[in-house]
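Read in numbering that gives the first Met the number 0, the sequence shown has 78 at position 79, and its numbers run on one by one without any break.
Idealized CB from N, CA, C, for every residue including glycine.
Reading through the structure tokens given below for one structure.
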Amino acid sequence: MVVVAILAAGRGTRMKSHLPKVLHSLGGRSLVERVLDSVEPLSPSRRMVIVGYQAQEVKSAMHSPRLEFVEQTVQMGTGHAIQQLLPHLEGYTGDLLVLNGDVPLLRTQTLQQLWQTHQENHNAATILTSHIPEPKGYGRVFCNSENVVQQIVEDKDCTAAQRQNRRINAGVYCFRWQDLAEVLPHLQANNTQQEYYLTDAVTQVGKVMAVDVEDYQEILGINDRLQLATAYDILQRRVKEKWMRAGVTLIDPNSITIDDTVELQPDVIIEPQTHLRGNTTIQTGSRIGPGSLIENSQLGENVTVQYSVVTDSIVQTGTRIGPYAHLRGHAQVGANCRVGNFVELKNTQLGDRTNVAHLSYLGDTTTGNQVNIGAGTITANYDGVKKHPTKIGDRTKTGSNSVLVAPITLGDDVYVAAGSTVTEDVPDDSLVIARSRQVVKPGWQQKTQ
Ligand code: UD1
Ligand code: CA
Numbered sequence: 000m001v002v003v004a005i006l007a008a009g010r011g012t013r014m015k016s017h018l019p020k021v022l023h024s025l026g027g028r029s030l031v032e033r034v035l036d037s038v039e040p041l042s043p044s045r046r047m048v049i050v051g052y053q054a055q056e057v058k059s060a061m062h063s064p065r066l067e068f069v070e071q072t073v074q075m076g077t078g079h080a081i082q083q084l085l086p087h088l089e090g091y092t093g094d095l096l097v098l099n100g101d102v103p104l105l106r107t108q109t110l111q112q113l114w115q116t117h118q119e120n121h122n123a124a125t126i127l128t129s130h131i132p133e134p135k136g137y138g139r140v141f142c143n144s145e146n147v148v149q150q151i152v153e154d155k156d157c158t159a160a161q162r163q164n165r166r167i168n169a170g171v172y173c174f175r176w177q178d179l180a181e182v183l184p185h186l187q188a189n190n191t192q193q194e195y196y197l198t199d200a201v202t203q204v205g206k207v208m209a210v211d212v213e214d215y216q217e218i219l220g221i222n223d224r225l226q227l228a229t230a231y232d233i234l235q236r237r238v239k240e241k242w243m244r245a246g247v248t249l250i251d252p253n254s255i256t257i258d259d260t261v262e263l264q265p266d267v268i269i270e271p272q273t274h275l276r277g278n279t280t281i282q283t284g285s286r287i288g289p290g291s292l293i294e295n296s297q298l299g300e301n302v303t304v305q306y307s308v309v310t311d312s313i314v315q316t317g318t319r320i321g322p323y324a325h326l327r328g329h330a331q332v333g334a335n336c337r338v339g340n341f342v343e344l345k346n347t348q349l350g351d352r353t354n355v356a357h358l359s360y361l362g363d364t365t366t367g368n369q370v371n372i373g374a375g376t377i378t379a380n381y382d383g384v385k386k387h388p389t390k391i392g393d394r395t396k397t398g399s400n401s402v403l404v405a406p407i408t409l410g411d412d413v414y415v416a417a418g419s420t421v422t423e424d425v426p427d428d429s430l431v432i433a434r435s436r437q438v439v440k441p442g443w444q445q446k447t448q
């Protein structure tokens with residue numbers, strides 16, 4: 000059995016931010032949420048988050064009922080933070096997995112390996128370490144030849160010789176809780192920072208082993224904005240490699256960003272300067288970009304999107320979007336449609352084989368199949384107070400520059416004459432002309448002279 004504790008009480012001074020460090024976003028998820036995600040497959044029996052600096056803000060940003068928040072009202076170090084768990088874990092006999100809230104790139108398999116080594120060797124504690132090229136700022140770990148930890152010294156407390164050691168403490172620990180609970184009350188703050196270090200407890204609990212992570216990038220801690228950007232790069236590289244190996248083509252990968260929440264099928268092609276975010280899925284054969292943003296949207300097979308923004312929307316098979324279209328507010332576009340140049344769809348459903356090819360705004364609109372919305376057609380859906388719906392039947396065609404004043408219903412097979420402002424419902428099979436008739440006055444110029 001394992002209880003997880005995440006250290007998230009620190010301010011993160013080096014971020015120079017009003018936002019607590021652990022709430023900073025890395026590719027659409029906060030640092031601390033990422034830490035929680037990495038540990039979830041271990042099925043922890045409890046998930047305890049130690050909060051302090053702007054505790055309320057951290058709590059409300061992480062509103063999962065499965066989390067327990069423990070307050071550390073003054074931040075006196077990582078050891079002091081874990082001391083706060085004592086009253087909550089009285090009598091607990093299992094393991095405690097401690098993670099820093101600012102180490103967001105950990106792989107689950109690494110945590111599994113840590114826990115497994117801990118159990119197999121009956122250790123009092125097992126810690127994650129890595130050899131890193133630039134160890135500045137990290138605690139250095141000293142082991143004997145059996146990988147048994149002898150000493151952990153914080154960077155600030157190191158001698159010049161100790162600082163040469165590039166094996167660092169990742170801030171990820173597995174403890175036999177009962178052994179740790181005995182040591183915790185006796186920690187001292189005899190160090191440069193005058194803090195109670197959790198690392199001091201580590202070397203006091205009994206047999207402690209280190210598990211080395213091969214890929215040191217996994218355990219990079221985020222202390223400032225530069226490290227945040229580095230972590231983003233690493234995450235992006237991971238995500239893109241995964242999709243390329245799974246059969247997705249990325250043209251100019253460096254100019255593309257993909258959140259790790261996105262799902263892509265083989266033979267999707269992503270063109271340059273395209274950004275895929277949130278809960279987005281794209282099916283096989285689709286070609287997205289160049290220059291597009293797709294967010295929280297579902298795109299079917301063989302969809303193309305060029306220079307367009309699609310948010311919170313669904314697009315079915317074979318539909319072509321763009322260039323320069325904007326779909327938002329739960330737009331749903333049927334199969335084999337065309338939504339083209341300078342068209343905005345908001346909370347609008349289009350049937351199959353329906354075209355809105357140029358310069359239109361459709362808001363709160365439902366159309367049937369094989370509808371043709373002429374260039375410049377606008378739904379006037381807002382009366383200044385409320386939004387109103389527009390319904391358009393199958394095979395209906397609106398002429399260029401039509402205005403449909405909602406609420407309004409056009410039946411099936413309706414023709415709207417160009418330049419009409421339609422204010423009343425139109426029955427099936429009708430032509431509607433709603434503009435003043437053209438008047439031609441021959442010889443006009445002569446009469447006025
Ligand atoms: C810590 C480790 C260091 C390790 C590094 C890895 C200690 C003493 N040092 O150093 O050996 O190499 O992490 O990234 O543990 N926190 C609290 N309460 C506090 C202080 C900190 O909850 O009173 C939280 C912070 O919010 C953060 C985590 O603990 O999430 C680590 O604190 P931080 O100050 O960043 O420690 P480091 O100096 O990086
Ligand atoms: Ca840190």
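Assuming residue i and residue j are in contact, meaning their beta carbons sit under 8 Å apart, how far apart are those beta carbons, in whole angstroms?
i, j, result
"Thr353", "Thr366", "5 Å"
"Thr128", "Val210", "7 Å"
"Glu194", "Gly100", "Not really, about 16 Å apart at Cβ, beyond 8 Å."
"Ile151", "Thr198", "4 Å"
"Ser307", "Ser291", "5 Å"
"Ile233", "Leu104", "6 Å"
Where does residue i fall in DSSP's three states?
i, result
"Met208", "strand"
"Val314", "strand"
"Tyr195", "coil"
"Thr366", "strand"
"Asn253", "helix"
"Glu343", "strand"
"Thr283", "coil"
"Gln272", "coil"
"Thr109", "helix"
"Thr376", "coil"
"His130", "strand"
"Val182", "helix"
"Glu294", "strand"
"Arg394", "coil"
"Ile407", "strand"
Starting from the C-beta of residue i, find all residues in its chain whose C-beta is less than 8 Å away, skip the five residues before and the five after it, and write them out in chain order.
i, result
"Gln111", "Pro40 and Leu41"
"Glu423", "Ile407"
"Arg45", "Val2, Val3 and Glu67"
"Tyr231", "Leu25 and Gly26"
Is residue i near ligand 1 - that is, is its Cβ less than 7 Å away from at least one heavy atom of it?
i, result
"Ile250", "no"
"Asp14", "The amino acid at residue 14 is misidentified as Asp; the sequence shows Met. Checking every heavy atom of ligand 1 against the Cβ of Met14, none is found closer than 7 Å."
"Gly170", "yes"
"Glu153", "yes"
"Ile49", "yes"
"Ile167", "yes"
"Gln21", "What sits at residue 21 in the sequence shown is Val, not Gln. Result yes, Cβ under 7 Å from ligand 1."
"His325", "no"
"Ala60", "no"
"Ala54", "no"
"Leu6", "yes"
"Leu197", "yes"
"Ala124", "no"
Tell me, please, which residues DSSP counts as bridged to residue i.
i, result
"Met47", "Ala4 and Glu67"
"His357", "Asn340"
"Leu104", "DSSP output for Leu104 lists no bridge partner at all."
"His329", "DSSP lists no partner for His329."
"Cys157", "For Cys157, which the question treats as bridged, DSSP gives no partner whatsoever."
"Ala54", "BP columns for Ala54 are empty, so no partner."
"Ser24", "Ser29"
"Arg450", "In this structure the chain extends from 0 to 448, so residue 450 is not present and cannot be described."
"Val267", "In the DSSP output, where bridge partners are listed per residue, Val267 has none listed."
"Arg166", "His130"
"Leu95", "Val2 and Phe174"
"Leu430", "Tyr414"
Are there any heavy atoms of ligand 2 lying less than 7 Å away from the beta-carbon of residue i, as far as the coordinates show?
i, result
"Gly220", "yes"
"Asp101", "yes"
Excluding the 5 residues preceding and the 5 following residue i in the sequence, name in chain order all residues of the same chain whose CB lies nearer than 6 Å to its CB.
i, result
"Gln203", "Val182"
"His387", "Asn380, Ala405 and Pro406"
"Gly51", "Ala8, Gln71 and Gln74"
"Ile268", "Thr248 and Arg286"
"Leu96", "Val1, Val3 and Cys173"
"Ala416", "Gly398 and Ile432"
"Glu153", "Gly138"
"Gly362", "Lys345, Thr378 and Asn380"
"Val413", "Thr395, Val425 and Ser429"
"Ala356", "Arg337 and Gly339"
Going by beta carbon distance, what residues of the same chain come within less than 7 Å of residue i, once the five residues before and after it are set aside?
i, result
"Asn122", "Lys206, Val207 and Met208"
"Val147", "Lys206, Val207 and Met208"
"Met14", "Lys20, His23, Asp223 and Arg224"
"Gly277", "Gly27, Asp258, Thr260, Glu294 and Asn295"
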